[in-house]
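*Asks:* Dropping the structure in here first, questions after.
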Amino acid sequence: MIGTIQEWGLIPFFENVIPGYSIEELTPARYWFDGEEDSLGPWDWKIECVRSGEIAYGKFLLGGKAAFATLPWYRELRNYRRSLPKYQPDAVQQQILDYVDAHGAITVREVRQLLGIRKSAADALITRLQMQCRLVTGELQRVYRSEDLHYSGWQIASFCRPEDLFEAPAFPGFPGFPGAAAGHPLEPDCPPAESFERLCARITALTGETDRSRLRKLLG
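Numbers 779 to 998, taken from the working numbering, label the letters of the sequence shown in order.
If you want it as structure tokens, here you go:
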């Protein structure tokens, strides 16, 4: 699955408004998780995607639906999203970001404890911050239950800053020499409007979709 995501660059997890454009539709039926015993497929494979450090996973497309992105295409999405007034954090969301800055990551349970809210409200806040491209899934832990420690697909997610997921090189080199880094790999190289056009062009090239309303619905 990692290879497929790297090939596509930016792709939703589940079937959506653009036919054929999802991990679900690209997965052979025999591998798709369907509730049957040990039929976890991509639901479990996504853990290795997150741990690779090369792929962003989270609810950042289609108004808060699960998706995957490689660094170059997440950079474009981040550049576009953070330029929009509707994707600026409010005071409550900023409390979560401050916690992440202090502790490195946060879980839904920790959001509930921090703000004294229910799980549904905590989930909604985390999703909103993922749509802002201010949080991504940083880790997924398998949950083993019952006496035989059976794993049936339950996972606990923690969320971190995308800047921490896609870290800058530990040894950036020296200016003027090969391998020198210009800055953080998520640093944009164009205006936000151009990032949006690049994203649209990429999706059109992959799927043939040219309907701007569908592209905007996908990209937010």
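Beta carbons are placed, not taken as given, at the ideal position from N, Cα and C, and that holds for glycine.
Looking only at its chain, what residues have a beta carbon closer than 7 Å to the beta carbon of cysteine 827, apart from the 5 residues adjacent to it on each side?
*Replies:* Indexing the sequence shown from 1 puts residue 827 at position 49. Met779, Ile780, Ile783, Ile833, Tyr835, Phe846.
*Asks:* With distances taken from CA atoms, which of Arg912, Gln908, Asp876, Phe974 is nearest leucine 893?
*Replies:* Counted from its first residue, the sequence shown places residue 893 at position 115. Nearest option by C-alpha distance: Asp876.
*Asks:* Rounded to the nearest angstrom, what separates glutamate 802 and asparagine 794 at their Cα positions?
*Replies:* Stepping through the sequence shown from its first residue, residue 802 is reached at position 24. Stepping through the sequence shown from its first residue, residue 794 is reached at position 16. Computed Cα separation, rounded: 10 Å.
*Asks:* How far does the beta strand (DSSP E) with phenylalanine 937 in it extend, from its first residue to its last?
*Replies:* Taking the first residue of the sequence shown as position 1, residue 937 is located at position 159. It spans 928-938 - the beta strand (DSSP E) in which phenylalanine 937 sits, taken as one unbroken run.
*Asks:* Does the beta carbon of isoleucine 783 fall short of 8 Å from some heavy atom of the ligand FAD?
*Replies:* By its list of ligands, the structure shown contains no ligand whatsoever, and the ligand FAD lies outside what it can speak to.
*Asks:* Is any beta-carbon of chain B found at less than 9 Å from that of alanine 979?
*Replies:* The chain inventory of the structure shown lacks chain B, comprising one protein chain alone.
*Asks:* Give the C-beta separation of glycine 882 and glycine 998 to the nearest angstrom, bearing in mind that I take them to be a contact with Cβ-Cβ under 8 Å.
*Replies:* Within the sequence shown, residue 882 is the residue found at index 104, counting from 1. Within the sequence shown, residue 998 is the residue found at index 220, counting from 1. Their Cβ separation, rounded to whole angstroms, is 27 Å, which puts glycine 882 and glycine 998 out of contact at 8 Å.
*Asks:* Please classify leucine 862 as buried or exposed, where buried requires at least 16 other C-beta atoms within 10 Å of its C-beta.
*Replies:* The sequence position of residue 862 within the sequence shown is 84, counting from 1. Counting Cβ neighbours within 10 Å, leucine 862 comes out exposed, since fewer than 16 surround it.
*Asks:* At the level of alpha carbons, what is the spacing between tyrosine 799 and leucine 903?
*Replies:* Residue mapping note: residue 799 aligns to position 21 of the sequence shown, counting from 1. Residue mapping note: residue 903 aligns to position 125 of the sequence shown, counting from 1. For tyrosine 799 and leucine 903, the distance between alpha carbons rounds to 27 Å.
*Asks:* Following the continuous beta strand (DSSP E) through glycine 961, name the residue where it begins and the one where it ends.
*Replies:* Locating residue 961 in the sequence shown gives position 183, where the first residue counts as 1. Premise fails: glycine 961 is in no beta strand (DSSP E) and is neither H nor E.
*Asks:* On a Cα-Cα basis, can you pick out the residue from Tyr852, Gly986, Ala935, Thr805 that is closest to glutamine 910?
*Replies:* Locating residue 910 in the sequence shown gives position 132, where the first residue counts as 1. Of Tyr852, Gly986, Ala935, Thr805, the residue nearest in Cα terms is Tyr852.
*Asks:* Select from Ile796, Ala844, Glu854, Leu849 the residue whose C-alpha is nearest the C-alpha of glycine 831.
*Replies:* Against the sequence shown, residue 831 aligns to sequence position 53. Nearest C-alpha to glycine 831: Leu849.
*Asks:* Go ahead and pull the three-state DSSP assignment for isoleucine 833.
*Replies:* Translated into positions along the sequence shown, residue 833 becomes position 55. Isoleucine 833: strand per DSSP, three-state reduction.
*Asks:* Report back the beta-carbon spacing between proline 867 and arginine 912 to the nearest angstrom; my notes put them in contact at under 8 Å.
*Replies:* Locating residue 867 in the sequence shown gives position 89, counting from the first residue. Locating residue 912 in the sequence shown gives position 134, counting from the first residue. With 8 Å as the limit, proline 867 and arginine 912 qualify as a contact, their Cβ atoms being about 6 Å apart.
*Asks:* Could you check where the alpha helix (DSSP H) with glutamate 785 kicks off and where it finishes?
*Replies:* Stepping through the sequence shown from its first residue, residue 785 is reached at position 7. That run of the alpha helix (DSSP H) goes 780-786.
*Asks:* Would proline 940 and leucine 964 be called neighbours here (beta carbons separated by less than 9 Å)?
*Replies:* On the sequence shown, position 162 is the one that residue 940 refers to. On the sequence shown, position 186 is the one that residue 964 refers to. Contact flag set, yes.
*Asks:* For isoleucine 884, tell me which candidate among Pro820, Gly916, Phe944 has the shortest Cα-Cα distance.
*Replies:* For the purposes of this step, residue 884 is taken as the residue at position 106 of the sequence shown. Of the candidates Pro820, Gly916, Phe944, the one whose C-alpha sits nearest the C-alpha of isoleucine 884 is Gly916.
*Asks:* What separation, rounded to the nearest whole angstrom, lies between the Cα atoms of aspartate 989 and threonine 805?
*Replies:* The sequence position of residue 989 within the sequence shown is 211, counting from 1. The sequence position of residue 805 within the sequence shown is 27, counting from 1. Taking the straight line joining both Cα atoms gives about 25 Å.
*Asks:* Could you tell me the alpha carbon to alpha carbon distance between isoleucine 825 and glutamate 785, rounded to whole angstroms?
*Replies:* As a working note, residue 825 is residue 47 in the sequence shown. As a working note, residue 785 is residue 7 in the sequence shown. Cα-Cα distance, rounded: 18 Å.
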